[in-house]
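In order, the protein sequences belong to chains L and U.
Sequential numbering of the first sequence, starting at 1157, is according to my numbering.
Sequential numbering of the second sequence, starting at 719, is according to my numbering.
Virtual Cβ for every residue (Gly too), placed ideally from N, Cα, C.
Here is the structure we will look at, set down as structure tokens.
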Amino acid sequence: SQQGEEDPQALSIQEGENATMNCSYKTSINNLQWYRQNSGRGLVHLILIRSNEREKHSGRLRVTLDTSKKSSSLLITASRAADTASYFCATGGYQKVTFGTGTKLQVIP
Amino acid sequence: NAGVMQNPRHLVRRRGQEARLRCSPMKGHSHVYWYRQLPEEGLKFMVYLQKENIIDESGMPKERFSAEFPKEGPSILRIQQVVRGDSAAYFCASSPLRDQNNEQFFGPGTRLTVL
Chain L
1157 SQQGEEDPQA LSIQEGENAT MNCSYKTSIN NLQWYRQNSG RGLVHLILIR
1207 SNEREKHSGR LRVTLDTSKK SSSLLITASR AADTASYFCA TGGYQKVTFG
1257 TGTKLQVIP
Chain U
719 NAGVMQNPRH LVRRRGQEAR LRCSPMKGHS HVYWYRQLPE EGLKFMVYLQ
769 KENIIDESGM PKERFSAEFP KEGPSILRIQ QVVRGDSAAY FCASSPLRDQ
819 NNEQFFGPGT RLTVL
């Protein structure tokens, strides 16, 4: 079964609004990663947060991690049409990465 | 530094034929991973290889699928006697080190269509 489950499965917002996606996982982790996948393309690594970190920022991205609840959130601020993509959380390290089911984000211009 | 390269980008096969997917990792990367993505789903791990070694193949179907990463040349994912259910996007990733916090760099994928 999937390690990560994203919520919501799909999200549609207006350009300029913030988008929040959540991810829950089942087992203990060393780190959690977020990836973006544009339609028909490969994955782009967005951000990695370690298990001893609670929050991390990268540009317009903000990721939180709550290991007690086994959950993470990805916030994209001031969204742009180019942010339209599927977003996946993933857990694991060098051995293999286990992906969630993804959130499909549509940003309407 | 070129990224992870995969070829072909698109592959069409008839049922019963063989499919060979190639992956060239980033320069300096000795760890290769293969993932499969069915339509509208997330990526599922298939196999993890280092040069000339299969480290973890727990996600590989027991039959018809094999993978190798020879000393020289790209990693190959081979699917024999393809069936319609093999239609998917196959992604390769590479990383430089055996490190829990190491990022995996993904290729653009090969989209396999089985007619």
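Check	Outcome
To the nearest angstrom, report how far apart residue 1180/L and residue 828/U are at their CA atoms.	29 Å
Could you compute how far the alpha carbon of residue 748/U sits from the alpha carbon of residue 773/U?	12 Å
Could you tell me the distance, in whole angstroms, from the CA atom of residue 782/U to the CA atom of residue 812/U?	24 Å
Where residue 745/U and residue 723/U are concerned, what is the direct C-alpha to C-alpha distance, given to the nearest angstrom?	11 Å
On a CA-only basis, which of 1229/L, 1237/L, 1166/L and 1261/L is nearest residue 1210/L? Give me that one, please.	1229/L
What three-state label does DSSP hand residue 1158/L in the structure shown?	Below a pLDDT of 50, predicted positions are generally treated as unreliable, and residue 1158/L, at 43, falls in that range; no measurement from the model is reported.
Can the beta-carbon of residue 1170/L be found closer than 8 Å to that of residue 1264/L?	yes
Would you tell me roughly how many angstroms separate the C-alpha atoms of residue 1267/L and residue 726/U, rounded to the nearest one?	Residue 1267/L cannot be examined here, being either before or after the span of chain L that is shown, 1157 to 1265.
In whole angstroms, give me the CA-to-CA distance for residue 1164/L and residue 1261/L.	9 Å
Check whether chain U comes within 8 Å of residue 1305/L, counting only Cβ atoms and requiring the distance to be less than that.	Outside the modelled stretch of chain L, which goes from 1157 to 1265, sits residue 1305/L, for which no answer is possible.
Just to confirm my understanding: we take residue 826/U, look at its own chain, exclude 5 residues before and 5 after, and list those with CB closer than 7 Å. What are they?	724 and 727
Using a Cβ cut-off of 8 Å (strictly closer), state whether residue 1195/L contacts chain U.	no
Would you call the segment 736-744 of chain U and the segment 791-799 of chain U in contact, with 3 or more CB pairs under 8 Å?	yes
Determine, using beta carbons only, whether residue 821/U comes closer than 8 Å to chain L.	yes
Taking Cβ-Cβ distances shorter than 9 Å, what residues in chain U pair up with residue 1253/L?	751, 753, 761, 763, 811 and 822
When DSSP builds the beta bridges, which residues end up paired with residue 1203/L?	1190/L
Which residues in chain L sit within 8 Å of residue 826/U, going by Cβ to Cβ distance?	1197 and 1198
Please classify residue 1173/L as buried or exposed, where buried requires at least 16 other C-beta atoms within 10 Å of its C-beta.	exposed
Going straight from the alpha carbon of residue 1178/L to that of residue 822/U, what length do you get?	22 Å
Counting only Cβ-Cβ distances shorter than 7 Å, please list the residues of the segment 766-777 of chain U near chain L, keeping chain order.	766 and 774
Cα separation between residue 1253/L and residue 1167/L?	24 Å
Excluding sequence positions up to five away, which residues of its chain have a Cβ less than 7 Å from the Cβ of residue 735/U?	800
For a quick check, are the C-beta atoms of residue 1248/L and residue 1161/L less than 8 Å apart?	no
Please determine whether the Cβ atom of residue 777/U lies at a distance below 7 Å from any heavy atom of the ligand COA.	Among the components modelled here there is no ligand, and therefore nothing to report on the ligand COA.
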